[in-house]
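Numbering (the numbering used here), first residue to last: 21 to 168. This report refers to the structure that appears directly beneath it.
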Amino acid sequence: MRFRVAAWLAIPGALLWAVQAFGAWIQSQEGKWQDNDYLSVGGSTITADNLLTMLALAFLLIAGLLTAGAVYLLRGNMSGRYLLLAGAWLVVLGQLFAGVLAAIPIDAFYYSAPANVVFATPLAIFPLLTIVCLTPGRQAAATLETGS
C-alpha cells in the first residue's frame, strides 16, 4: 500500500518537475539572464543563463526518474522503488542547493532570483513523504533481517 502511495505522489511530482524544467529553459532564453556572470571559481565562470540551462537538464533527469520509478512500481517491479528513492533524494538535495544558490548575493540576481532557483517548500515536502513511504518500517526491516 505504501509503495502505491509513493508512486501516486511521484506522478504529479514528475509532471511538476517537467514544468519546472520547461520554465528554467524559457528563463535561460530571456535577455536579462544572458551573459551575466553568476559564479566564478578560479578561471571558470558560470553565467546565469548557463546555470538555468543546467537546472533545466537536472529537472528533466528528476522528472524521468520519478516517471520511470512510478511506472515500474505500479507494474509491480521493485526496481521502481530505487528509481523513486533516487529521484526523491535528488529533489531534496537540489532544494537544499537551491536555497544556498538563492542566498548568494550576486549582480545578476540583484532584484530577485529566477523562480527556478528559489527554494520551494512543497517541492521538498512531497519527496520527503515519498521517501517515508518507500522506507521499510521496523517490522518489515526485522522480517527482512530474520527471514521469517
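For glycine and all other residues, C-beta sits at the position ideal for the given N, C-alpha and C. Every value quoted in this text rests on a predicted model; they were computed, and no experiment measured them.
{"query": "Which residue's Cα is closest to the Cα of Ser60: Leu71, Glu50, Gly51?", "result": "Leu71"}
{"query": "Going along the chain, which residues of its own chain have a beta-carbon closer than 7 Å to the beta-carbon of Val112, five neighbours each way excluded?", "result": "Ala144, Pro147, Leu148"}
{"query": "Would you report the Cα separation of Leu104 and Arg95, rounded to the nearest angstrom?", "result": "14 Å"}
{"query": "Check Asp69 in the structure and name its three-state DSSP category.", "result": "helix"}
{"query": "Round the Cβ separation of Ala27 and Leu93 to the nearest angstrom and send it over; I've been treating them as touching at under 8 Å.", "result": "4 Å"}
{"query": "Taking Thr67 as the reference, give the member of Gly51, Arg22, Ala90 with the closest Cα.", "result": "Gly51"}
{"query": "By how many angstroms is the C-alpha of Ile82 removed from the C-alpha of Ile46?", "result": "18 Å"}
{"query": "Does the distance from the CB of Asp69 to the CB of Gln49 come in under 9 Å?", "result": "yes"}
{"query": "State the Cα-Cα distance for the pair Ala34 and Gly84, rounded to the nearest angstrom.", "result": "7 Å"}
{"query": "Could you pull out every residue in the same chain whose Cβ sits closer than 7 Å to the Cβ of Ser64, ignoring the five residues on either side in sequence?", "result": "none"}
{"query": "Around the C-beta of Arg24, are 16 or more other C-beta atoms found within 10 angstroms, so that it is buried, or is it exposed?", "result": "exposed"}
{"query": "Would you report the Cα separation of Gly100 and Cys153, rounded to the nearest angstrom?", "result": "13 Å"}
{"query": "Please classify Leu29 as buried or exposed, where buried requires at least 16 neighbouring CB atoms within 10 angstroms.", "result": "buried"}
{"query": "Looking at the strands, I want to know which residues DSSP matches up with Val61.", "result": "Ser64"}
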